[in-house]
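Structure, as C-alpha cells:
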Amino acid sequence: MMTAKQYAASVEREDFVLANRHDLGVDKVYGSQSFWRDALGRFVKNKGAVFGLVMIVLIVIMAFAGPALSGYDYRTQDMAQRNLPPHVAGWESVPFFSGVSTDYSSGTPVRTDMYELKGIRDVTHIFGTDALGRDQFARVWTGTRVSLYVALVAILIDTFIGMSFGLVSGYFGGRVDFFLQRIVEILSTIPTTVIVTLLIVVMKPGLASITIALMITEWIGMSRVTRAQTLRLKEQEFVLASRTLGESTPAIIFREILPNIFGQIIVMCMMTIPNAIFTEAFLAFIGLGIPAPLASLGSLISDGFKSMTMYPFLVAWPVIVLALLMLSFNLMADGLRDAFDPKMKEM
Amino acid sequence: MLKYIAKRVMISVITILIILAALFTMLHSMPGSPFNDEKITEVQRANLEAKYGLDQPLPVQFGNYLKAMLTGDFGVSYVIQKNMPISELLRARIPVSIRIGLQAVILGSVIGLLMGILAALKRNSPIDTSATVISVIGVAFPSYVFAMAMSYFIGFRLGWLPLLYSTTEAMRSTVMPTISLSFFSMATVARFARTEMVDVMGSDYMLLADSKGISSFRLLGVHGLRNALIPIVTVLAPLTVELMTGSLVVEQIFAIPGIGSLLVSAIQFNDYNVVLAVVFVYSVMFIAVMLAVDILYGVIDPRIRLAKEDG
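Chains A and B supply the protein sequences, listed in that same order.
Heads up: the first sequence begins at 24 in the numbering used here, then just goes up one per residue.
Heads up: the second sequence begins at 318 in the numbering used here, then just goes up one per residue.
Here's what the structure looks like:
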C-alpha cells in the first residue's frame, strides 16, 4: 500500500492533462517590442512566407542574370537548331537535360538523341530551343522580367491611385466620399476581364496598354482597405488632438493616419501582385500580350501550348516558373498579412 | 430591406447602361465604315445609311442600339461565321459554358467543403496541413496550369480522356475542363469552410449541444454545418470572376465550343461585333450574379444590409 505521502510523490505534473480542450494555450509574457520587430518576428517564423521570399529573390536574380548565363539572347534565331529538347553538355545521363526527345504520337515512345543526330553534342540549351531556334532559357528569364515589371507596376498603382483614393474618400467623407464610392461600386461591378480585354482590343497590344489596363482595375481593393482604415482612425483622439493643435489637413493625413495603416497597405500591395501577374499572363495567353520577338511567360506558354504534344518542354518551363512565382507571391502575401495584422487572417 | 434591394438593382442597371455606352462608343470609334466602297455613289450611301439608321442623331442611334442589345439582337458576325446572327452563335455556345462552369462550382464546393470540415475537425493534423497546402496551390496556380498538365498527362500520354472536346462524347469531354476549373473553387471554399467551422466549433452553443449528449452526426450536421455554411455565400462573387477568366483559357485549351473560346477567336480575328456581344453577355451574367449575392447577403445577415444602407 502506498501512503498518501508516497502517492503524492509519485504523481508527476505530466499526469494531469486538460481533457478535451486541445485549443487551450499557455499565456506567454513577451518583452515589449516595436511594431516592426514584432511583425518581422512573426514573418520569419512562417515557413511558407520565408520560402516565398527566398524563391522570389532567386527568381529575380535569375531574371536578370539568367539570359547572360545561357550565353544566348532571347531574339537570335538559329534555323539549324529548332525545337531542340533541353540539354546540358556533359549531362547526358541526367533525365530531363539529356537532349533526348521522345515521340509518343505513334503509341510506342520513340527516343532520339537530337543533339547526337545533329552532331552538336557540345551545345548547351538548358531549357531547349523554340520553333525558331531561339534559346528557351534566355527567353524564359527575359519573359520573367515582364512579370516582375507588372508586379512593380501593381505596387505603384496600389500606392499612388488606390491609397490616395481611399485616403481622400475616407478622410473627407460626405459628398466627396459618396461620389468616389459610386465610382468604385460601378467599376467593381464590371468584370475585370471585360475592362482589360476591351481596352487592349482598342489599343495596340503591348506593355503600355497592359499597364493602362492594370491602372484601371487593380487599385480598387487597396482603396477599399485604405478607406475603411481611414474612417476608423480619423475619429480617434490623436487625430482630434493634432487637429486642435492646428495641424494642416495634409499633415494629418500623411503624418498621423498613414503611418498607422502602413501594415495593411503593404499587405494589400502584396495581394495585388499575383493578380496583376496573372492578368498579364492571361492576356498573353489569349493573344493580347506583348508582341514578338519580346517574350513574357504568358506568351511563351501560349506559343509552347500549340506544340505541347510534340515538344512538352517548351511549355513546361515557363509554366513552372510562372507557377512558382505566383505561389511565392501568394505565400509571402499570406505571411505578411499574418505578421502585420493577425486579425486580418480571416478576411 | 426593400430600400436595400432597390439600391442594389439601381446600381446594376446603371452599370449595364455604362457598359453599353462604352461599347457604343467603341463601335463608333472603330476605323472604317461598312459602306466605304468606291463604287457606291453618294445617293446610294445616303440610302444605305438611312436604311441602317446611321443618318440619325447620335442619341437616337444610341437608343436604337440599347433596344437592340437588350432584346438580344447583337447584329451579325463578320469574320468567324460570315453573316451568321450573333445571337444564334451564342445560343449554341452558352449552354456548353454554363454546364462546365456549374459542374466546376458544384464539384469544387463539395470537395472543398469536405476538405475544410475535415481540416477543422482534425486541426493541426496531417489532414489539416495537406488541406492547407492544397488550397494554397489551388488559389495560387492559374487554372490553365492544371488544364495543361491534365491534358498532357491524362489526355495525351495515358489517353484516358479525350484530348479535345467532341460533341459525341460530351460527358467524358467535360471531365478534365471541369476538374481544372474546379481547383480554384475547391481551394477557396476549403479555406473558408475551415475558418468558419473552427469558429463555430469553439462557440458556446456547440458546447451546450455537445453536453446535452446529442449524436455527433446531429451535432455536426444540424448545429455546426448549418451555421458554418451561411457565410460561404461570400465566396460566390470571386468564384464567378475566376470561372469567367478561367473558362476563356480552359475552353481554348480543350477546344470547347463555349463563349470563352468564341471571345478569344473573335479577338484574334478582329470580329468586333462578336467581341462586343460576348463582352456584353459576360457583363450581364457577372452583374446578375453580383446582384444575387448582394441580396442573398442582405437576407441572410441583416448586419451587412444595415452597414450598406448607411454607406
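Cβ atoms here follow ideal geometry from the backbone N, Cα and C, with glycine treated the same way.
The structure displayed is predicted, hence computed values, not measured ones.
| query | So, is residue 458/B buried or exposed, given that buried needs 16 or more other C-beta atoms within 10 angstroms? | reply | Here residue 458/B corresponds to residue number 141 of the second sequence, with the count starting at 1. So residue 458/B ends up on the buried side.
| query | Which first and last residues belong to the beta strand (DSSP E) in which residue 38/A is found? | reply | By one-based count along the first sequence, residue 38/A stands at place 15. Premise fails: residue 38/A is in no beta strand (DSSP E) and is neither H nor E.
| field | Reference residue 92/A, options 149/A, 252/A, 212/A and 112/A, closest by Cα | value | Position 69 of the first sequence, counted from the start, is the residue given in the question as residue 92/A. Looking at the Cα atoms, 149/A is the closest of the given residues.
| query | Using a Cβ-Cβ distance under 8 Å, would residue 329/B count as near chain A? | reply | If you number the second sequence from 1, residue 329/B lands on position 12. Residue 329/B counts as touching chain A.
| Cut-off 7 Å between Cβ atoms - residues of its own chain near residue 100/A, not counting five sequence neighbours on either side | For the purposes of this step, residue 100/A is identified with residue 77 of the first sequence, where counting begins at 1. Closer than 7 Å at the Cβ level, and outside the excluded window around residue 100/A, lie 155, 156 and 157.
| said: Tell me whether residue 339/A, by its Cβ, gets closer than 7 Å to a heavy atom of the ligand GTP. | reply: In the structure shown, the ligand GTP is absent, as is every other ligand, since no ligand is present at all.
| message | Against residue 334/A, what residues of chain B qualify as contacts under a CB-to-CB distance less than 8 Å, listed in chain order? | response | Position 311 of the first sequence, counting from 1, holds the residue named residue 334/A. Listed along chain B, no residue sits closer than 8 Å to residue 334/A by beta-carbon distance, the nearest being about 11 Å off.
| task | Look at the Cβ atom of residue 436/B, then the Cβ atom of residue 428/B, and state whether they are nearer than 8 Å. | result | For this step, residue 436/B is matched to residue 119 along the second sequence. For this step, residue 428/B is matched to residue 111 along the second sequence. Contact flag unset, no.
| Roughly how many angstroms lie between the CA atoms of residue 256/A and residue 249/A, to the nearest whole one? | Taking the first sequence and counting its residues from 1, the one referred to as residue 256/A is at position 233. Taking the first sequence and counting its residues from 1, the one referred to as residue 249/A is at position 226. Spanning the two alpha carbons is a distance of roughly 10 Å.
| task | Kindly say whether residue 166/A, judged by its beta-carbon, lies nearer than 8 Å to any beta-carbon of chain B. | result | Reading the first sequence from its first residue, position 143 is the one you call residue 166/A. It does not: the Cβ of residue 166/A has no partner Cβ on chain B nearer than 8 Å.
| said: Could you check whether the Cβ of residue 10/A sits closer than 8 Å to any Cβ belonging to chain B? | reply: Since the first and last residues shown for chain A are 24 and 370, residue 10/A lies out of range.
| query | Under a three-way DSSP split, which group does residue 329/B fall into? | reply | Here the question's residue 329/B lines up with position 12 in the second sequence. Residue 329/B: helix per DSSP, three-state reduction.
| said: Less than 8 Å between CB atoms is the rule here; does residue 600/B satisfy it with respect to chain E? | reply: In the structure shown, chain E cannot be found, because the protein chains are A and B.
| request: Anything in the segment 284 to 315 of chain A with a Cβ closer than 9 Å to a Cβ of chain B? List those residues in chain order, please. | output: 297, 301, 302, 304, 305, 308, 309, 310 and 311
| message | With three or more C-beta pairs closer than 8 Å as the rule, is the segment 522 to 542 of chain B touching the segment 486 to 494 of chain B? | response | no
| task | Rounded to whole angstroms, what's the CA-CA distance from residue 116/A to residue 542/B? Just pull it up for me. | result | Position 93 of the first sequence holds residue 116/A. Position 225 of the second sequence holds residue 542/B. Residue 116/A and residue 542/B: Cα-Cα distance of roughly 54 Å.
| request: Measure how close the beta-carbons of residue 363/A and residue 259/A come, nearest whole angstrom, since I'm counting them as under 8 Å. | output: For the purposes of this step, residue 363/A is taken as residue 340 along the first sequence, with counting starting at 1. For the purposes of this step, residue 259/A is taken as residue 236 along the first sequence, with counting starting at 1. The Cβ separation is near 19 Å, so there is no contact.
| said: Spatial neighbours of residue 398/B within its chain, please: C-beta separation below 8 Å, excluding the five flanking residues on both sides. | reply: What you label residue 398/B is simply residue 81 of the second sequence in a count that begins at 1. If we look at residue 398/B and ignore the five residues flanking it on each side, its Cβ neighbours are 406.
| residue 369/A classed as buried or exposed, judged by whether at least 16 other C-beta atoms fall within 10 angstroms | Within the first sequence, the letter at position 346 stands for residue 369/A. Bear in mind that a pLDDT of 42 at residue 369/A, under 50, signals an unreliable position, so the number given afterwards is only what the model happens to contain. That one is exposed.
| message | Please list, in chain order, the chain B residues whose beta carbon lies closer than 8 Å to that of residue 328/A. | response | Here residue 328/A refers to the residue found at position 305 of the first sequence. Those within 8 Å of residue 328/A in chain B are 465 and 570.
| Going along the chain, which residues of its own chain have a beta-carbon closer than 8 Å to the beta-carbon of residue 326/B, five neighbours each way excluded? | Position 9 of the second sequence, counted from the first residue, corresponds to residue 326/B. Excluding sequence positions up to five before and after residue 326/B, its CB lies within less than 8 Å of the CB of 608, all in the same chain and listed in chain order.
| query | So which residues on chain A does residue 391/B lean against when the C-beta distance must stay under 8 Å? | reply | Taking the second sequence and counting its residues from 1, one reaches residue 391/B at position 74. Residues of chain A passing the Cβ test: none, with the nearest at roughly 15 Å.
| query | Is the CB of residue 172/A under 8 Å away from at least one CB in chain B? | reply | Within the first sequence, residue 172/A is the residue found at index 149, counting from 1. No, because no Cβ of chain B sits closer than 8 Å to the Cβ of residue 172/A.
| Any 3 or more C-beta pairs closer than 8 Å across the segment 379 to 391 of chain B and the segment 585 to 602 of chain B | yes
| Cβ contact (3+ pairs, closer than 8 Å) linking the segment 339 to 354 of chain A and the segment 318 to 329 of chain A | Enough Cβ pairs lie closer than 8 Å, so yes.
| task | Measuring only between beta-carbons, confirm whether residue 214/A sits less than 8 Å from chain B. | result | Counting from 1 along the first sequence, the entry for residue 214/A is found at position 191. So, interface residue.
| task | May I have the straight-line CA-CA distance separating residue 440/B from residue 536/B, to the nearest angstrom? | result | As a position in the second sequence, residue 440/B is number 123, starting the count at 1. As a position in the second sequence, residue 536/B is number 219, starting the count at 1. Cα-Cα distance, rounded: 18 Å.
| C-beta neighbour in chain A for residue 322/B, strict 8 Å | Sequence index remark: in the second sequence, residue 322/B carries index 5 (1-based). No - not a single Cβ of chain A is within 8 Å of the one on residue 322/B.
| Cα separation between residue 627/B and residue 224/A? | The sequence position of residue 627/B within the second sequence is 310, counting from 1. The sequence position of residue 224/A within the first sequence is 201, counting from 1. Residue placement at residue 627/B is flagged as unreliable, the pLDDT there being 48, under the threshold of 50; a coordinate-derived value is accordingly withheld.
| Stretch-stretch touch, CB-based, cutoff 8 Å, three pairs: the segment 355 to 374 of chain B with the segment 327 to 343 of chain B | no
| said: Please tell me whether residue 258/A has its Cβ less than 8 Å away from any Cβ of chain B. | reply: The residue given as residue 258/A occupies position 235 in the first sequence. Chain B, which has no Cβ nearer than 8 Å to the Cβ of residue 258/A, makes this no.
| request: Identify the continuous beta strand (DSSP E) that holds residue 135/A and give its terminal residues. | output: Mapped onto the first sequence, residue 135/A falls at position 112. From DSSP, the beta strand (DSSP E) with residue 135/A extends over 133 to 136.
| said: Spatial neighbours of residue 353/A within its chain, please: C-beta separation below 6 Å, excluding the five flanking residues on both sides. | reply: As a first step, residue 353/A must be located in the first sequence, where it is residue number 330. Cβ within range, chain order: 297.
| Between which two residues does the alpha helix (DSSP H) carrying residue 505/B extend? | Locating residue 505/B in the second sequence gives position 188, where the first residue counts as 1. From DSSP, the alpha helix (DSSP H) with residue 505/B extends over 492 to 518.
| Sorted by chain position, which residues of the same chain lie with C-beta nearer than 8 Å to residue 416/B's C-beta, five sequence neighbours on each side aside? | For the purposes of this step, residue 416/B is taken as the residue at position 99 of the second sequence. So the list reads 491, once near-sequence residues are dropped.
| field | Buried versus exposed, by CB contacts within 10 Å (16 or more), residue 477/B | value | One-based indexing of the second sequence puts residue 477/B at position 160. Residue 477/B should be labelled exposed.
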